[in-house]
Structure formats: structure tokens, C-alpha cells
Amino acid sequence: MSADLFLRLGSDADAPIHWLRAGRDGTVEAEGVSDDFGAIAEAARGCRVIGLVSGTDLLLTSVRVPTQSRQKLLRAIPYALEEQLAGDIDDAHFVLGSQHDGNWAVAVLQTTWVDRWLSLLDEHGLRPERLAPEILCLPEENDAWTVLVDKQGFQVRTGPQHGFGGDVENLEVLLEAAIEEHGEGRPAHLRVLADGVDPELPTDILGAEIMLEPTRAGTLLVRGWHDQAPLDLLTGRYAPVGQGRNLWRPWIPVAVLFAIWVCLDTGLALLEQRQLQNDIAAVESRAMVAYQDLFPGAGNLDQARARVENRLRQVGARGDSDQEDMLDTLRLVGPVLANGTGFRLQGLSYRGGVLELEIETDTLQRLDQLQQELDRTDRIGAEVRSARSEEDAVQGRMVVRRQGS
7 MSADLFLRLG SDADAPIHWL RAGRDGTVEA EGVSDDFGAI AEAARGCRVI GLVSGTDLLL
67 TSVRVPTQSR QKLLRAIPYA LEEQLAGDID DAHFVLGSQH DGNWAVAVLQ TTWVDRWLSL
127 LDEHGLRPER LAPEILCLPE ENDAWTVLVD KQGFQVRTGP QHGFGGDVEN LEVLLEAAIE
187 EHGEGRPAHL RVLADGVDPE LPTDILGAEI MLEPTRAGTL LVRGWHDQAP LDLLTGRYAP
247 VGQGRNLWRP WIPVAVLFAI WVCLDTGLAL LEQRQLQNDI AAVESRAMVA YQDLFPGAGN
307 LDQARARVEN RLRQVGARGD SDQEDMLDTL RLVGPVLANG TGFRLQGLSY RGGVLELEIE
367 TDTLQRLDQL QQELDRTDRI GAEVRSARSE EDAVQGRMVV RRQGS
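Residue numbers for the sequence shown follow our numbering, so the first one is 7 and each next one is one higher.
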């Protein structure tokens, strides 16, 4: 797939959808607004489908939970946020973000919203491979909040994984309330990006200067998605299963190299074991000659032979265990690498229970995001061992260990 099709999914599933077809470099090739799913499916031919969720349809918040276990976090977060939610926590989908100053970022969607959209898109062969908040596609700036205003409403990015959205009529009131809530952390500027809408704002709100700029919302969001690789909302029960041949096609060369490496490694192990057996046989032969010279008429060395053979069986069993550990680690790492973007796998090796990955990314931030994605996977932990910048790329070395190993 050489292009992506972005769908801006709003609150009303019966309303026309704003769609954009963009190259993998973020350049918009075509766009439109339509309620004809057949036409949208035609535009999506050969594309990866990505859904963008408006800030009016999800909650971006944070919570402090005293544990580093991902499983415990996912169990505790719904109850920790229960008072912030209007509905039942059983009707909400929780997505864990990154940690900052002991607080975990969390995105919350209503399952009815997700179920309705995924069912509707499935009917027309448009199942998204990624689902991302539009807020986290907006530019993030120091001492400033980014505000996008268009006909669908407004969205405000207040931090790395925080923000809110709503109707344009309530923009000034909600901005004022949010600025007061942030206290000393309030922004010095509000960068308001308007697409076909006049937000009718004053020159400043509570001392935060307003800078109004025209923009094209779709182009802004697509470029932001490519630059920042925002939080993926399709997790847990909504995680994609069986993406088909196209998803795995980029990994075929890696799989071939891995198969060759396994064959070579296994062949070398067998050759080493065969050589060891030959050496043992030669030593036994010399020992038998010396033994019979010293003790004429004595029996053979059956017990010594039995001990050597038992040792060989132990060596073989340990090798099988190491290979099984390696394959199990790859099974856990594989889905994260297959679903990720913004990086290239340059090589891998496995020694002493540690999987080492050589990664090339565009930015150090993307390398850190990949480490966090792997770290959130059950039963494994990831660590960036080294990273260096070369021209416009970053070469990183990351190690992955099974937890408890």
C-alpha cells in the first residue's frame, strides 16, 4: 500500500464523511465530503484506512495509579476515572497512553460510538487499521495551545496527550475555564487555526494572546498524524485481527532472513553436536585402550559411556528451551512491529534470552514511542540501548527481554 485514506469520523454516523487520500509522506492527493460509501471505498482502493476521532467524541485525561504493571493499570483505570464519566464504565473503552510525572494519560470513548462506526465501515470494506484522536494530530508548541476550528466544531491541544473539544458556540467559555484550571501552567498564547469559520474571539483570554491563522483542517491533521504518530485507539477488544496479506507484505523479506538465520543456526548447532560426539568417541576409544592395557581382561566402560550420553541429552534439551524462548519473544514483538509506522527494522539478533533490534527512525521521539509500545505489551520489557543521529535519520539499538528472565 503506497497511500493512506483518512476518514474524519464524527458524532453522527449518518452525516457525510470528510475523507482524504494522502501519500506516505503526508502529501494530500485527493479529498472530499460524501455519504456515498461506495465512492469512498473506491477512493480507498490500495490504501491503508485510518480513522480520526473528533475531540467531541472522546475524553483525554490523566490518572495516577500506583503500579507499573500494564494489566493492573488497565483494571484499575476505569474505577479511578468513574467519577469523571457521565455513563457506566462498562460502556466505555479505555486506552492507556504514556506516563508523565507519575500520571498516566488515558483516552476514553463510548463503546456504542466505536461499535456503530466499525460496524458501518465493515459493511463497506473500510475497517480502519488505526484510530487516532484528531486533537493529538494538532501541532504541539511550547507556551501555547493549538486550537482548530472548523464546521465540525473546535478542538484544543493542551499538552502531549491532552486536550478537549466541543461546539464552536462554547469555545470562548470553555477556553477561559480551561486556562483558569491550569493555573500557573496556563499558556502564553492561543494559536487558533480556522478553516472556513470565524470563531469571533477577543484578542486575548485571561492574558493568553490569540493568534488567528487560516488553515485547511484535513491537510493539517494528515500531516500531524504522519509527524507525530498519535495514540492508537484500536486496542483491547478493538485491536485489529488478521489484517491480510497486504499488512505482512513489507515483512516478507524480514521473515525470509529470519528463516535463513534459524536454518543456519540450527545447522551449526547440529554440526557442533556431531563434532562433539565424534570427539567423545575418539576419547572413549583411547581411554578403552589405556584401561585394558592397565587392567587386562577388565570389562568395558559402560557407566562412563552412559554418563556422557546423558550429558549430551541435557545439552540438547537446553538448546530446545532457548529456541522456544526466542520464538515466544518474537511472537509478542511481531504484532507491535507489524502495526507500527515511522520506523524501519534493520536487523535483529537473539543471545542469552535477549532480543536485540536495530531500528532506523526519523526522530528520537518515534524511537521512544516504539519502546513505550513494546513496554506496554504483556510479558516483555523494552529498553533503548543506544541511539545516534545520521543526517536525517536516527539509528537506534533496542533490547527486548521477557519479563522475569
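Ideal Cβ placement from N, Cα and C applies to all residues, glycine included.
Following the DSSP letters along the chain, one finds L227 inside the alpha helix (DSSP H) bounded by residues 223 to 234. From the listed residues R229, V260, G93, L154, the smallest Cα separation to L65 is found for G93. In this structure the stretch 227 to 241 does not touch the stretch 175 to 190; the number of beta carbon pairs closer than 8 Å is below three.
C-alpha of D173 to C-alpha of G213: approximately 23 Å in a straight line. V406 places its beta carbon less than 8 Å from that of A388. Leaving aside the five residues that flank L361 on each side, the residues in its chain whose CB is nearer than 8 Å to its CB run, in chain order, M332, T335, L336, V339, L354, S355, V405, V406, R407. Three or more Cβ pairs drawn from the stretch 190 to 209 and the stretch 148 to 157 lie within less than 8 Å of each other, which places the two stretches in contact.
Sorting A184, G273, H24 by C-alpha distance to the C-alpha of R163 places A184 at the top. Per DSSP, V153 is one residue of the beta strand (DSSP E) stretching across 150 to 156.
Between Q161 and I141 a beta carbon distance of about 5 Å is seen, short of the 8 Å cut, so the two are scored as contacting. Between the alpha carbons of A49 and Q279 lies a gap of roughly 58 Å. Counting along the chain, G44 sits inside the alpha helix (DSSP H) bounded by residues 43 to 49. A check of alpha carbon separations from R391 across E364, V120, L218 identifies E364 as the nearest.
Going by DSSP, H188 is part of the alpha helix (DSSP H) stretching over 177 to 188. For V400, the secondary structure class from DSSP, reduced to helix, strand or coil, is strand.
Counted as a single uninterrupted DSSP element, the beta strand (DSSP E) harbouring Q105 occupies residues 98 to 106. Around the beta carbon of G169, a 10 Å sphere encloses 16 or more other beta carbons of the protein chains shown; the residue is thus reported as buried.
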